[in-house]
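Everything on this sheet refers to the single structure shown next.
Number of protein chains: 2
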Amino acid sequence: MLAIERCTTGIVGLGLMGGAFAYALRRCKAQSILAYDISEPTLAEAQSRGCIDEGFTVAQSMLSRCDLVFLCLAPSTLIRFVAEQQHSFKSGAVLSDIAGIKGSIVAALESSMRADLDFIPGHPMAGSEKGGFAYAQNCSFTGKNYILTPLKRNKPENLAFLKDLIHRMGFSRITETSPAAHDRNIAFTSQLCHVIAASLIDCQSDTTITRFGGGSFEDLTRIAQLNAPLWSELFIENSTELLRRIEEFETSLAALKTFIADKDQSSLVRMLQAVRERRAAMDT
Amino acid sequence: MLAIERCTTGIVGLGLMGGAFAYALRRCKAQSILAYDISEPTLAEAQSRGCIDEGFTVAQSMLSRCDLVFLCLAPSTLIRFVAEQQHSFKSGAVLSDIAGIKGSIVAALESSMRADLDFIPGHPMAGSEKGGFAYAQNCSFTGKNYILTPLKRNKPENLAFLKDLIHRMGFSRITETSPAAHDRNIAFTSQLCHVIAASLIDCQSDTTITRFGGGSFEDLTRIAQLNAPLWSELFIENSTELLRRIEEFETSLAALKTFIADKDQSSLVRMLQAVRERRAAMDT
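Those protein sequence lines, which keep their order, are chains A and B.
For the record, in the first sequence the residue sitting at position 159 is 159 according to the numbering used here, with numbers rising by one throughout.
For the record, in the second sequence the residue sitting at position 143 is 143 according to the numbering used here, with numbers rising by one throughout.
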């Protein structure tokens with residue numbers, strides 16, 4: 001079984017998440033941490049900060065050396081990258097990704113993946129509304145969730161190694177599920193929330209409205225400062241599930257609206273009380 | 001002009017906000033802090049914690065001594081309380097409230113208020129999803145917004161005194177506006193956000209969904225643990241403005257939904273980019 005202390009680890013894409021993985025892998029005492037990115041200044045910055053050992057602008061030079069690779073790219077770039085670099089990976093390497101959708105990624109990569117590579121799809125539930133390597137050091141993994149959607153062909157010892165590493169990086173809870181269940185649930189917890197935050201800003205043109213803020217508005221719209229190309233891709237790739245979730249939300253919103261329009265205080269209190277209890281019943 | 005160090009201050013209702021005012025007034029060195037509440041144990045608890053000097057379960061005994069009174073009650077209770085206790089207040093007293101709606105409160109109180117009392121309507125934009133005096137000590141005012149909707153009859157020196165006190169209690173920004181503008185803006189920053197949070201929980205029956213949480217869902221639903229009777233009252237009292245805001249939000253949500261359904265990536269990117277820029281342009 002792999003041990004991180006004896007692993008040459010590669011990170012593909014040194015953005016916010018790739019950078020956060022580099023820092024976390026350093027804390028886990030990875031033997032060496034290599035990174036591929038299109039930006040030389042970013043690689044130089046990461047090296048000067050000590051979170052990577054070597055930077056590469058040619059992927060093949062790095063991939064051929066790595067026992068473990070984290071593919072930290074947006075979904076469409078990820079699929080293209082793996083197709084192009086299929087033959088660059090070291091034989092026996094363990095690969096994982098961080099993409100916010102799993103169904104289409106797994107469908108695209110599973111069939112075409114070289115038989116001697118072990119790709120374990122993953123989704124770390126961490127991040128920030130501030131993108132890019134510059135914010136990576138502040139992107140904490142501590143106490144966060146991690147979703148894995150293992151494939152039947154994954155080697156049990158590689159899965160066990162990855163799960164152990166995830167915990168050592170600070171994540172507190174790993175959920176193993178199917179790509180379909182991932183996409184269904186993430187459509188709710190993540191994508192729907194981003195759609196709501198964006199809509200809330202879209203419908204308010206007065207930028208001085210924050211004078212009337214008391215915390216709720218700030219909480220609900222923190223994530224509105226999203227990476228537009230990335231989230232557009234996630235929304236469209238997962239559109240079936242996301243549209244269903246938006247419609248369920250619209251139904252609940254319409255019910256609440258009707259109670260308010262009818263000044264039906266008892267139904268409103270009953271609904272809000274049930275909401276309060278359900279939220280309290282959800283673990284954090 | 002009043003000085004808080006020579007003021008006998010009264011708090012009506014020792015819940016989360018009343019309690020937070022008691023602690024804040026103590027830090028401001030109010031000469032004495034009295035509180036009226038229907039719960040004797042709460043009064044005893046507050047006295048033992050040193051944030052009030054005396055507790056009262058009969059309002060009249062307290063009100064007749066107070067130079068400054070903070071009415072920390074839900075809107076309907078506030079209107080009833082002031083009507084019943086109209087003759088209990090000390091002549092020349094300055095009164096303020098904390099209600100989350102101002103139009104109906106001001107309409108109800110302004111005309112009936114004794115001519116020798118100076119009622120300055122206010123709304124501190126602080127609070128917590130955890131209600132009751134027990135959480136008051138953790139309810140911080142530091143850096144928060146405060147809205148005042150002064151009346152024409154308010155004495156300038158009393159308004160100046162209250163504003164100075166609000167700043168000394170920790171609030172960083174005071175906005176003076178009309179009750180109508182308050183209600184219009186609060187319908188958006190506060191009530192709409194609570195309606196959204198409640199709808200988001202209402203449409204999700206799986207309480208284990210938090211395994212898939214990455215921060216967004218948690219941020220958007222923190223306020224779903226709301227005080228159901230209080231918020232029902234606020235929603236219904238401000239229903240005209242709130243319904244308009246819900247509809248504006250629904251329109252933006254529908255536009256986003258259409259882009260997703262049409263897989264119209266360029267429109268989606270354009271809208272999300274505009275949202276990102278608008279949110280960044282809003283001061284915090």
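In this text, a Cβ means the ideal position worked out from N, Cα and C, and glycines have one as well.
- Here A/I52 carries a coil assignment [DSSP, helix/strand/coil].
- For the pair B/T175 and B/M113, the Cα-to-Cα distance works out to about 24 Å.
- For B/F217, the nearest CB of chain A lies under 7 Å from its own CB, placing it at the interface with that chain.
- In this structure, the CA atom of A/I98 is about 7 Å from the CA atom of A/L71.
- Counting the other Cβ atoms within 10 Å of the Cβ of A/V58 gives fewer than 16, which makes it exposed.
- Along the region 74-112 of chain B, the alpha helix (DSSP H) occurs as fully enclosed runs of 4 or more residues at 75-85 and 103-112, listed in sequence order.
- DSSP, read as helix, strand or coil, puts B/L162 in helix.
- Counted as a single uninterrupted DSSP element, the beta strand (DSSP E) harbouring B/E176 occupies residues R173 to E176.
- Taking C-beta separations shorter than 7 Å and ignoring five residues to either side along the sequence, the partners of A/G103 in its chain run P179, A180 and D183, following chain order.
- With a cutoff of 7 Å on beta-carbon distance, A/S76 and A/E233 are scored as near each other.
- For the set A/F119, A/G55, A/E248 and A/L162, the Cα lying nearest the Cα of A/I79 is the one of A/F119.
- In terms of Cα proximity to B/I186, the closest of B/G55, B/S239 and B/G15 is B/S239.
- B/G50 and B/I11 have their C-alpha atoms roughly 14 Å apart.
- The alpha-carbon of A/G213 is positioned some 11 Å away from that of A/L220.
- What A/T251 touches in chain B, judged by beta-carbon distance under 8 Å, is C203, going in chain order.
- Residue range S32 to Y36 is occupied by the beta strand (DSSP E) that includes B/A35, with no alpha helix (DSSP H) assigned at that position.
- Counting along the chain, no beta strand (DSSP E) covers A/G19; the unbroken alpha helix (DSSP H) around it starts and ends at L16 to R27.
- Ranked by Cα distance from B/G132, the first of B/P41, B/T177 and B/A160 is B/P41.
- Each of A/R270, A/A255, A/D262 and A/T210 was checked against the Cα of B/P229, and the nearest Cα belongs to A/R270.
- Between B/T142 and B/H167, the alpha-carbon positions lie close to 9 Å from each other.
- Residues of the region 229-248 of chain B that bring their beta carbon within less than 7 Å of a beta carbon in chain A comprise P229, W231, S232, F235, I236, S239, L242, L243, I246 and E248, in sequence order.
- Under the Cβ criterion of 7 Å, A/T57 is not counted among the residues facing chain B.
- Between the region 194-211 of chain A and the region 247-265 of chain B, the count of Cβ pairs shorter than 8 Å is three or higher; the stretches touch.
- For the region 156-181 of chain B, the set of positions with a beta-carbon nearer than 7 Å to some beta-carbon of chain A reads R173 and T175 in chain order.
- Taken atom to atom, the span from the alpha-carbon of A/S172 to that of A/E84 is near 34 Å.
- The Cβ neighbour count for A/E5, taken over all protein chains shown within 10 Å, is under 16; the residue is labelled exposed.
- Within the DSSP bridge table, the entry for B/F119 names B/L95 as partners.
- In this structure A/L243 is not in contact with A/H194, their Cβ atoms being roughly 14 Å apart against a cut-off of 8 Å.
- The shortest C-alpha to C-alpha distance from B/S216 to any of A/R276, A/N145 and A/C66 is the one to A/N145.
- Membership of A/F133 in any alpha helix (DSSP H) is not indicated, and neither H nor E is assigned to it by DSSP.
- Identification of chain B residues near A/R222 by a Cβ-Cβ cut-off of 7 Å yields D219, ordered along the chain.
- B/Q191 is classed as buried because its beta carbon has at least 16 other beta carbons within 10 Å across all chains shown.
- The contact set of B/R278 on chain A, defined by CB atoms closer than 9 Å, consists of I201, D202, Q204, S205, T207 and A224 in chain order.
- Interface flag for B/N154 against chain A is unset, since no Cβ pair is found closer than 7 Å.
- Note on B/G92: under 16 other CB atoms within 10 angstroms of its CB, so exposed under the neighbour-count rule.
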